[in-house]
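J.: Attaching a single structure in structure tokens format; questions to follow.
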Amino acid sequence: MPTILNNGHGHSADIAIDASLLTVPASFDSTPTGCHHSIDHPGFTSEDVPLLSHSPSLSMSPPRTPMFPPSTPCLDTPSQSPALSAATTISTSTSTSFSEDEHATKIEPSVESPSQLPKYNGKESSSISIIAAESLSFSLATHPAVVYASERLSDQDYTSKLHTVKVFDFDHTLFRSPLPNPALWDPSFLGILTSWNYCGTGWWHNPGTLELGPEVEATCWEGWWNEEIVREVRKSSEDPGCLTVLLTGRNGPTFGEKLVEMVGRKGLDFDLIAIKPTTVARIESKLASVPTNGGPQSVERYLKVHTFNTKHEFLYNLLFEYPSIRSMFLWDDRPCQVAKFRQVGQEWLEKKLLDNFDITVVQEPLLFMDPQREIDLVLAMVEANNQQVDIEVSGGPFLVPGVGAIPKTRPELEGLNIWDPYETYVPQIRRKIELTDIVRYTGIMFSATVQSIMKQMLGIQEYSNGYPSTAVIECPQWIKRPSMLRGQDLSKWVVPDDLHVTLCLGSASKEHLESVGGLNATVLVEVEALGEFEGRVWALKVKEFNTDEESNVDTRQLQIIAPNGQIYSSLDALRTAYASYESAGDELYPQVDLKHLGHLVSVHESTPHITMAYDRLNGTRAVDSGRIIEWEPLENASLSDNGSTRYPYRLVFVGTIGEKKLLGMKTPKASDQHIPKAEVSVANIIKSLTGDKQISGKELGEMVRCVKEDMERLSVENRLENEERIAIIAQEICDRVETKKCAAVQHHGAR
Numbered sequence: 001m002p003t004i005l006n007n008g009h010g011h012s013a014d015i016a017i018d019a020s021l022l023t024v025p026a027s028f029d030s031t032p033t034g035c036h037h038s039i040d041h042p043g044f045t046s047e048d049v050p051l052l053s054h055s056p057s058l059s060m061s062p063p064r065t066p067m068f069p070p071s072t073p074c075l076d077t078p079s080q081s082p083a084l085s086a087a088t089t090i091s092t093s094t095s096t097s098f099s100e101d102e103h104a105t106k107i108e109p110s111v112e113s114p115s116q117l118p119k120y121n122g123k124e125s126s127s128i129s130i131i132a133a134e135s136l137s138f139s140l141a142t143h144p145a146v147v148y149a150s151e152r153l154s155d156q157d158y159t160s161k162l163h164t165v166k167v168f169d170f171d172h173t174l175f176r177s178p179l180p181n182p183a184l185w186d187p188s189f190l191g192i193l194t195s196w197n198y199c200g201t202g203w204w205h206n207p208g209t210l211e212l213g214p215e216v217e218a219t220c221w222e223g224w225w226n227e228e229i230v231r232e233v234r235k236s237s238e239d240p241g242c243l244t245v246l247l248t249g250r251n252g253p254t255f256g257e258k259l260v261e262m263v264g265r266k267g268l269d270f271d272l273i274a275i276k277p278t279t280v281a282r283i284e285s286k287l288a289s290v291p292t293n294g295g296p297q298s299v300e301r302y303l304k305v306h307t308f309n310t311k312h313e314f315l316y317n318l319l320f321e322y323p324s325i326r327s328m329f330l331w332d333d334r335p336c337q338v339a340k341f342r343q344v345g346q347e348w349l350e351k352k353l354l355d356n357f358d359i360t361v362v363q364e365p366l367l368f369m370d371p372q373r374e375i376d377l378v379l380a381m382v383e384a385n386n387q388q389v390d391i392e393v394s395g396g397p398f399l400v401p402g403v404g405a406i407p408k409t410r411p412e413l414e415g416l417n418i419w420d421p422y423e424t425y426v427p428q429i430r431r432k433i434e435l436t437d438i439v440r441y442t443g444i445m446f447s448a449t450v451q452s453i454m455k456q457m458l459g460i461q462e463y464s465n466g467y468p469s470t471a472v473i474e475c476p477q478w479i480k481r482p483s484m485l486r487g488q489d490l491s492k493w494v495v496p497d498d499l500h501v502t503l504c505l506g507s508a509s510k511e512h513l514e515s516v517g518g519l520n521a522t523v524l525v526e527v528e529a530l531g532e533f534e535g536r537v538w539a540l541k542v543k544e545f546n547t548d549e550e551s552n553v554d555t556r557q558l559q560i561i562a563p564n565g566q567i568y569s570s571l572d573a574l575r576t577a578y579a580s581y582e583s584a585g586d587e588l589y590p591q592v593d594l595k596h597l598g599h600l601v602s603v604h605e606s607t608p609h610i611t612m613a614y615d616r617l618n619g620t621r622a623v624d625s626g627r628i629i630e631w632e633p634l635e636n637a638s639l640s641d642n643g644s645t646r647y648p649y650r651l652v653f654v655g656t657i658g659e660k661k662l663l664g665m666k667t668p669k670a671s672d673q674h675i676p677k678a679e680v681s682v683a684n685i686i687k688s689l690t691g692d693k694q695i696s697g698k699e700l701g702e703m704v705r706c707v708k709e710d711m712e713r714l715s716v717e718n719r720l721e722n723e724e725r726i727a728i729i730a731q732e733i734c735d736r737v738e739t740k741k742c743a744a745v746q747h748h749g750a751r
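Note that the sequence shown covers residues 1 to 751 in the UniProt record's numbering.
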């Protein structure tokens, strides 16, 4: 009976899977970024591929990713013992052959001689005995996810004392891995950039995303580690009864060596380091019925492997491997995965596999790599993608990152649907990407000096803006925050890259530009009030400054902050100062024209305001500041915690009409305006991501609405070729909803 697979496009297909369909082609470099058409080792198949699962050749130990020696460790203290000094040797010198007659995949692992063993911190590592034991088909030591295993695990005295396992995620948990910087790229391009099957290999399969430069690596990635989690890892590794595991969704063949190097140099002593052995598993290949420019092209089908399923299966194996373990503690950053882990944790407790289970949600502000380095990396990815398009159009092979095979399921796990949901992926010919400047909004912009003063006035620390730093900057606070936010720790809140007043989204119309005075016109903006929304975002309400000082009834002292940071007590004083700059030929701020002032005329739906900060970790976005409806007048704002001293000034900032431009993908305009038929079920994607097939009604409808709103905002049509981008948008919505649920539970518990 054929296995029923969901093809990921909203309908199912009957696919009879046998051994002849599961082939893994030889790997080769296809792009400048080091992408492979397949990984170097196939691993094992699941119970849903019965013929291959029981192939006699699969009783052997699977081939492994090699352990390369890390550089000299950057230990925090001289007395600390070097980590990863002895490790399991894992080889990639594996030939995978396919016989049409026998319909079987043959795996012939090679064994390195002692002289070939890698060294860690100057010491030779050695293979533990269970690696070569072919009879142990379901040992963790032969699991294709494992890229490093401590020599301690070969010591039965050591493993018999284990009673607890602590499992740490890597990205945004142990390490603050960089994401694409939203200050550089248009939002419509970010989804394409992070998708694994669009822009070359995609962000998460490109090794360059962890290459932060020799200066950063020379400091052992100082400022990039989550030191709180680092302390938890050290504490765990020092406990003889605790198994310490690094478990990540990073692709092993691409990142295994790098991860081992990084944790080794940091001096972190893990018992196991496990990765995601495959992103997709090939299940079919045949000739296309419609030829391409280069002739008939093979149609390939792959089974999509989800990160959570990989982790779930690995941890299940771990519990059977070490039955003495009765407690499990996890650290992870993704709310959707956290919710699923809570479900399986409860399942393990009910099955008496564990006595204790807990998971900690890790939330840290995002960091970004050096802007120029990131731009160079992305441009290289775009170029590689466009070269791949030429290959595919001419009939060449598709580029599919992370190809492998699903690990063979041990007998204890059969029937548990570990790999559900089953989704197939059929690669399509890629599209060329052309980058161009895209105007995100037209607004009133402020100089870097003025923005710095804004942050200082309101007690916002500049180091939280996305670049690593260990220094804490104490800022003088002129204005207290909105009353609801006073006394709260906002250190992990996100400060927008550019503090500005939005006048309209995109480019302004000719009429609108004329009404505001045109691009580069100088505008005086007065702070009118403070506001917040649900304790998650706060902003300054602003208005155009009335230049007719005689008509002003407000007797408070005036403070006008000029682009160069100087503060003036009157408009005349400001004009006099800038007149002297002009006569002296000072061209530092040539765009300031105080003789012909522009105007604050907004066609944006919300009240004119400057978004100051928002709680991204709680699912909030900068645009949520537009939902603020209650404002505290600035004259009532306090200078003291007890509210006894009122703010005595009128604050005015000198800004300029400008456009915010970001690099994005140039897309051709549609020839007609008809509404295309939806080809992807957003609801089904949400159900798959949440792991709750029963979700329905109001909550599902609201999530679908949010996804569609973001799709419209990012210009993502509901088409099959955009399915991956839609899934990324849906993932963000699911994470946002789950984060709010977790926050509500924590708030209720605190009460």
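A virtual CB, placed ideally from N, CA and C, is assigned to each residue, including glycine.
Since we're looking at a predicted model, the values are computed, not measured.
CA-CA distance, L571 and V527?
T.: Within the sequence shown, the letter at position 571 stands for residue 571. Within the sequence shown, the letter at position 527 stands for residue 527. Whole-angstrom Cα-Cα distance: 16 Å.
J.: Can you tell me where the beta strand (DSSP E) with M328 in it begins and where it stops?
T.: Counted from its first residue, the sequence shown places residue 328 at position 328. Its beta strand (DSSP E) spans residues S327 to D332.
J.: So, E712 versus S483, is the Cβ gap smaller than 8 Å?
T.: On the sequence shown, residue 712 is found 712 positions in, with the first residue counted as 1. On the sequence shown, residue 483 is found 483 positions in, with the first residue counted as 1. Going by C-beta atoms, E712 is not nearer than 8 Å to S483.
J.: Since I believe V361 is in contact with P335 (beta carbons under 8 Å), could you give me their beta-carbon distance rounded to a whole number of angstroms?
T.: Numbered from its first residue, the sequence shown carries residue 335 at position 335. Numbered from its first residue, the sequence shown carries residue 361 at position 361. About 7 Å; that satisfies the 8 Å criterion.
J.: H596: which of R410, L519 and K304 sits nearest, CA to CA?
T.: Residue mapping note: residue 596 aligns to position 596 of the sequence shown, counting from 1. Out of R410, L519 and K304, L519 has the C-alpha closest to the C-alpha of H596.
J.: DSSP has C336 in a bridge; who is on the other side?
T.: On the sequence shown, position 336 is the one that residue 336 refers to. Answer by DSSP bridge pairing: none, since C336 is not bridged.
J.: Using DSSP bridges, identify the partner residues of T442.
T.: In the sequence shown, residue 442 corresponds to position 442, counting from 1. According to DSSP, which records beta bridges pairwise, T442 is partnered with C504 and E659.
J.: Pull up the distance between the alpha-carbon of P56 and that of V737, whole angstroms please.
T.: Translated into positions along the sequence shown, residue 56 becomes position 56. Translated into positions along the sequence shown, residue 737 becomes position 737. Confidence at P56 is low in this model, with a pLDDT of 26, below 50, so the placement of that residue should be treated as unreliable; the coordinate-derived value is given next. The straight-line gap from Cα to Cα measures roughly 47 Å.
J.: Decide if the region 252–260 is in contact with the region 156–165; the criterion is three or more beta carbon pairs, one per stretch, under 8 Å apart.
T.: Cβ pair count under 8 Å is below three, so no.
J.: For F314, tell me which candidate among T620, G598 and A274 has the shortest Cα-Cα distance.
T.: Here residue 314 refers to the residue found at position 314 when the sequence shown is read from its first residue. Among T620, G598 and A274, the Cα nearest to that of F314 belongs to A274.
J.: Do M369 and P178 have their beta-carbon atoms positioned less than 8 Å apart in this structure?
T.: Your numbering for residue 178 matches position 178 in the sequence shown. Your numbering for residue 369 matches position 369 in the sequence shown. Closer than 8 Å, so yes.
J.: Which runs of the beta strand (DSSP E) spanning at least 3 residues fall entirely within the region 339–375, listed in chain order?
T.: Within the region 339–375, the complete beta strand (DSSP E) runs of at least 3 residues are 356–361.
J.: Report yes if the CB atom of S509 is closer than 8 Å to the CB atom of E659, and no otherwise.
T.: Position 509 of the sequence shown, counted from the start, is the residue given in the question as residue 509. Position 659 of the sequence shown, counted from the start, is the residue given in the question as residue 659. No.
J.: Taking the alpha-carbon positions, what's the P207 to V260 distance?
T.: Taking the sequence shown and counting its residues from 1, one reaches residue 207 at position 207. Taking the sequence shown and counting its residues from 1, one reaches residue 260 at position 260. C-alpha separation (whole angstroms): 14 Å.
J.: For T310, I'd like the list of residues in its chain whose CB is within less than 6 Å of its CB, leaving aside the five on either flank, ordered along the chain.
T.: What you label residue 310 is simply residue 310 of the sequence shown in a count that begins at 1. So the list reads K276, once near-sequence residues are dropped.
J.: Going by beta carbon distance, what residues of the same chain come within less than 8 Å of K666, once the five residues before and after it are set aside?
T.: Translated into the one-based positions of the sequence shown, residue 666 becomes position 666. These residues qualify, in order along the chain: E434, L435 and T436.
J.: Over what stretch of residues does the beta strand (DSSP E) that includes Y614 continue unbroken?
T.: Indexing the sequence shown from 1 puts residue 614 at position 614. Unbroken beta strand (DSSP E) run through Y614: H609 to Y614.
J.: Which of helix, strand or coil does DSSP assign to W203?
T.: Position 203 of the sequence shown, counted from the first residue, corresponds to residue 203. Looking at W203 - three-state DSSP - the assignment turns out to be helix.
J.: Closest to E232 by CA distance: which of F329, T248, S515 and L594 is it?
T.: Working through the sequence shown from its first residue, we reach residue 232 at position 232. Residue F329 is the option with its Cα nearest to E232.
J.: Alpha carbon to alpha carbon, how far is Y148 from D271?
T.: Here residue 148 is taken as the residue at index 148 of the sequence shown, counted from 1. Here residue 271 is taken as the residue at index 271 of the sequence shown, counted from 1. For Y148 and D271, the distance between alpha carbons rounds to 8 Å.
J.: Three or more C-beta pairs under 8 Å: does that hold for the region 615–633 against the region 489–505?
T.: Short answer: they touch.
J.: What does a CB cutoff of less than 8 Å around Q346 pick up in its chain, not counting 5 residues either side in sequence?
T.: Taking the sequence shown and counting its residues from 1, one reaches residue 346 at position 346. The answer, listed in chain order, is F357.
J.: So for C220, helix, strand or coil by DSSP?
T.: One-based indexing of the sequence shown puts residue 220 at position 220. Correct three-state label for C220: coil.
J.: Would DSSP call I406 helix, strand or coil?
T.: By 1-based counting over the sequence shown, the position of residue 406 is 406. Coil at I406, not helix or strand.
J.: List the DSSP bridge partners of K311.
T.: Within the sequence shown, the letter at position 311 stands for residue 311. K311 pairs with nothing; no bridge assigned.
J.: Does the distance from the C-beta atom of L268 to that of I283 stay below 8 Å?
T.: Here residue 268 corresponds to residue number 268 of the sequence shown, with the count starting at 1. Here residue 283 corresponds to residue number 283 of the sequence shown, with the count starting at 1. Going by C-beta atoms, L268 is not nearer than 8 Å to I283.
J.: Are the CB atoms of P648 and K543 within a distance shorter than 8 Å?
T.: Sequence index remark: in the sequence shown, residue 543 carries index 543 (1-based). Sequence index remark: in the sequence shown, residue 648 carries index 648 (1-based). It is not a contact, given that the beta carbons lie outside the stated cut-off.
J.: Using 10 angstroms around the beta-carbon of S394, count the other beta-carbons present and answer buried if the total reaches 16, otherwise exposed.
T.: Mapped onto the sequence shown, residue 394 falls at position 394. Per the 10 Å Cβ criterion, exposed.
J.: Are L247 and V167 close, meaning C-beta to C-beta below 8 Å?
T.: The residue you call residue 247 lines up with position 247 of the sequence shown. The residue you call residue 167 lines up with position 167 of the sequence shown. Cβ distance < 8 Å, so L247 and V167 count as in contact.
J.: Cutting at 6 Å between CB atoms, please list the residues of its own chain near I733, excluding the five before and the five after it.
T.: Within the sequence shown, the letter at position 733 stands for residue 733. M703, C706 and V707, listed in sequence order.
J.: Give the DSSP-derived three-state secondary structure of R234 in the structure shown.
T.: Counting from one through the sequence shown, the residue named residue 234 turns up at place 234. The answer is helix: DSSP assigns R234 an H, G or I state.
J.: For the alpha helix (DSSP H) containing P253, list its first residue and its last residue.
T.: Within the sequence shown, the letter at position 253 stands for residue 253. Taken as a continuous stretch (DSSP letters only), the alpha helix (DSSP H) holding P253 covers G252 to R265.
J.: Hey, N226 and E364 are a contact pair by Cβ (cut 8 Å); roughly how many whole angstroms apart?
T.: Mapped onto the sequence shown, residue 226 falls at position 226. Mapped onto the sequence shown, residue 364 falls at position 364. Sure, about 6 Å apart at Cβ, within 8 Å.
J.: Since Y649 sits in a beta bridge, which residues does DSSP pair it with?
T.: In the sequence shown, the residue the question calls residue 649 occupies position 649. Q557.
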